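Engineer: In my numbering, the protein residues as written are 2 to 145.
Please see the structure below; I have some questions.
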Amino acid sequence: MASINMRCVEGFQPGQVKFKKFDGRSRVDDFPDLMAMWTERAVTHYIGGKTMRPDECWTRLLRYRGLWPLLGFGYWAVEEKSTGRFVGDIGFADFHRMIEPSIRGVPEIGWVLAPHVHGKGYASEAVAAAIQWFDAQGKRRCVC
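See the structure below:
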């Protein structure tokens, strides 16, 4: 992977995709695409097993927006570099999920991509870049 300027999060562009923080009005404009993605069975089959309702998608967007100022890390919207189209989201969160063993207080990486870009290598590229960004921040560890 090419060298990445880790200080620049907004517009972060690892290769075929670019990252944009969920931190402003421009990300609200992504809501229709985010909702379309999270209401696809192909997306949610292995993530909870059920599609999301529109209100649940909106709550997800609000959570993403709140992560950055509260925790200093969060989620990015993933855009296809060649088209500028929203294709998914990736990032780190501490959602205080009730699982064992507990991961509370430890950043957890998560990602999801729209079905029309599955198989193009975007997820592998985005995950590698996000972990590289995380490591450059001097954080202790993250989990998946």
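Positions of the beta carbon are idealized from the N, C-alpha and C atoms, including for glycine.
Keep in mind that this is a model prediction, so the values were computed, not measured.
1. Jot down the residue ranges of each uninterrupted beta strand (DSSP E) in the region 40-123, minimum 3 residues, whole runs only, in chain order.
2. Spell out a yes or no on whether the region 43-50 and the region 62-74 are touching, meaning 3 or more CB-CB pairs, one atom from each, closer than 8 angstroms.
3. Quick check: what's the CA-CA separation for residue 100 versus residue 135?
4. Where does residue 144 land, buried or exposed, given buried means 16+ other C-beta within 10 angstroms?
5. Among 59, 23 and 98, whose alpha-carbon lies nearest the alpha-carbon of residue 49?
6. Quick one, are the C-beta atoms of residue 1 and residue 114 less than 7 angstroms apart?
7. Buried or exposed for residue 96, going by 16 or more other Cβ atoms inside 10 Å?
8. Does the separation of the CB atoms of residue 61 and residue 23 fall below 7 angstroms?
9. I need the DSSP call for residue 20, collapsed to helix, strand or coil.
10. Could you check what DSSP says for residue 4 in three-state terms: helix, strand or coil?
11. Whole angstroms is fine: what's the gap from residue 36's alpha carbon to residue 78's?
12. Judging by CA-CA distance, which residue of 106, 118 and 117 is the nearest neighbour of residue 142?
Structural biologist: On the basis of the coordinates in this document:
1. 76-81, 87-94 and 109-114
2. no
3. 23 angstroms
4. exposed
5. 98
6. In the structure as shown, the chain begins at 2 and stops at 145. Residue 1 is therefore absent and cannot be evaluated.
7. With a 10 Å radius around the Cβ and a threshold of 16 neighbouring Cβ atoms, residue 96 comes out exposed.
8. no
9. strand
10. Caution applies to residue 4, whose pLDDT of 37 falls short of 50 and renders its modelled position unreliable; the model cannot decide the point.
11. Cα to Cα, the separation comes out at about 13 angstroms.
12. 106
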